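Chemist: Numbering (my numbering), first residue to last: 66 to 244.
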Ligand code: 5GP
C-alpha cells in the first residue's frame, strides 16, 4: 500500500529489532539482576516497551503513564499535563522511563523531575529515538536507540492523528501537519 504522506524509511524493521536486543543486553548487564520498573509513556512507547521488556533478562515490573503537552500537532510547548498517572509507588524501585522519541526534550525534562520527586532508588531514561540538535535542555539520556535527523517520523508506536502506529519501521511523515 503506497501512502503519499510517507517519505523515506529512517530506521528499518531489522535495525529496530537488532538495536532493541542490544539495549536489552546492556540493561541486563547494567542492572545486574536488580528488579527494574519500566515506566512506559503512552501511547507512543507501547511497542518499543513491549519489545524491550522481552529483550531484558531481569525481574521486570510494568507501569504506564500518559501525558499531553500543549502545542500544535507536531510541536511541543513544554507545558505538560498528566492524563493518566502511575499505579505503583516509586520509592525503593529502580525506575526506567521508556520514551518513544525525544525532540525538544521538554516532555522528558518534566517527566524526570516529576518522577524523581517520588523518591525512586534510581531513575534512568531509555529513549528509542533522539532527534539531533533540537534539545532545548540537556536530555541526559543513558540509553538511546537511534539518533535521527530532525524530521517528523511515524511508525513503531508513533502516530499522526492516531494513525501509522502499527508500521514495523520508522518512516518520515511528509503530509499535512508535518513541519
Ligand atoms: P519533546 O517534548 O521532546 O519536544 O517532544 C516529545 C514528544 O513529542 C514525543 O513523546 C512525541 O509524542 C512527540 N514527537 C516529537 N517528535 C515526534 C515525531 O517525529 N513524530 C511523532 N509521531 N511524535 C513526535
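Each residue gets a CB set at the ideal place from its N, CA and C atoms; glycine is no exception. These figures come from a predicted structure and were not determined experimentally.
Report the option in 204, 210, 147 and 182 whose CA atom is closest to the CA atom of residue 193.
Modeler: Residue numbering aside, residue 193 sits at position 128 when the chain shown is read from its first letter. Of the listed residues, the one whose Cα sits closest to residue 193 is 210.
Chemist: In terms of residues, what are the limits of the alpha helix (DSSP H) holding residue 180?
Modeler: For the purposes of this step, residue 180 is identified with residue 115 of the chain shown, where counting begins at 1. It spans 171 to 181 - the alpha helix (DSSP H) in which residue 180 sits, taken as one unbroken run.
Chemist: Does the distance from the CB of residue 237 to the CB of residue 218 come in under 7 Å?
Modeler: Position 172 of the chain shown, counted from the start, is the residue given in the question as residue 237. Position 153 of the chain shown, counted from the start, is the residue given in the question as residue 218. Yes, they are a contact pair.
Chemist: What are the boundary residues of the alpha helix (DSSP H) that residue 207 is part of?
Modeler: Taking the chain shown and counting its residues from 1, one reaches residue 207 at position 142. Where residue 207 is concerned, there is no enclosing alpha helix (DSSP H), given that its DSSP letter is neither H nor E.
Chemist: Which first and last residues belong to the beta strand (DSSP E) in which residue 81 is found?
Modeler: Taking the chain shown and counting its residues from 1, one reaches residue 81 at position 16. Run containing residue 81: none in the beta strand (DSSP E); it sits in the alpha helix (DSSP H), 78 to 96.
Chemist: Are there 16 or more other CB atoms within 10 angstroms of the CB of residue 184, so buried, or fewer, so exposed?
Modeler: Counting from 1 along the chain shown, the entry for residue 184 is found at position 119. By the 10 Å Cβ count, residue 184 comes out exposed.
Chemist: According to DSSP, is residue 186 part of a helix, a strand, or is it coil?
Modeler: The residue labelled residue 186 in the question sits at position 121 within the chain shown. DSSP places residue 186 in coil when its eight states are reduced to three.
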